[in-house]
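Residue numbers (the numbering used here): 3 to 92. Heads up, the beta-carbon is just placed ideally off N, CA and C, and yes, glycines get one too. Quantities reported herein were computed from a predicted structural model and do not represent experimental measurements.
See below:
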């Protein structure tokens with residue numbers, strides 16, 4: 003099983019949290035990339051960790067997230083959200 007490069011952010015509790023986003027239809031998804039280069043092309047200087055797809059799904063499942071968007075080509079800020087760091091995935 004291959005590993006994914008998962009962008010993370012620091013939570014208020016000092017832990018690393020996998021980034022999530024929303025599709026245009028509002029569905030919440032996890033974000034992952036197949037390589038560091040793919041991550042850097044879309045999110046330069048973003049912290050990341052390596053996880054298997056199963057491990058990422060296990061982290062996202064309690065949040066009700068069932069889909070992982072692999073190698074998204076575009077992430078834009080969600081201007082309707084007051085939550086920091088919540089992009090829209092395209």
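Where residue i sits in the DSSP three-state scheme
{"i": "residue 51", "result": "strand"}
{"i": "residue 61", "result": "helix"}
{"i": "residue 76", "result": "coil"}
{"i": "residue 6", "result": "strand"}
{"i": "residue 41", "result": "helix"}
Bridge-paired residues (DSSP) for residue i
{"i": "residue 66", "result": "In the DSSP output, where bridge partners are listed per residue, residue 66 has none listed."}
{"i": "residue 11", "result": "19"}
CA nearest to the CA of residue i, picked from the options
{"i": "residue 54", "options": "12, 39 and 32", "result": "32"}
{"i": "residue 37", "options": "47, 52 and 16", "result": "52"}
CB-CB length for residue i against residue j, believed under 8 Å
{"i": "residue 58", "j": "residue 6", "result": "6 Å"}
{"i": "residue 11", "j": "residue 21", "result": "6 Å"}
{"i": "residue 34", "j": "residue 70", "result": "5 Å"}
Cβ pair residue i, residue j closer than 7 Å
{"i": "residue 45", "j": "residue 9", "result": "yes"}
{"i": "residue 50", "j": "residue 41", "result": "yes"}
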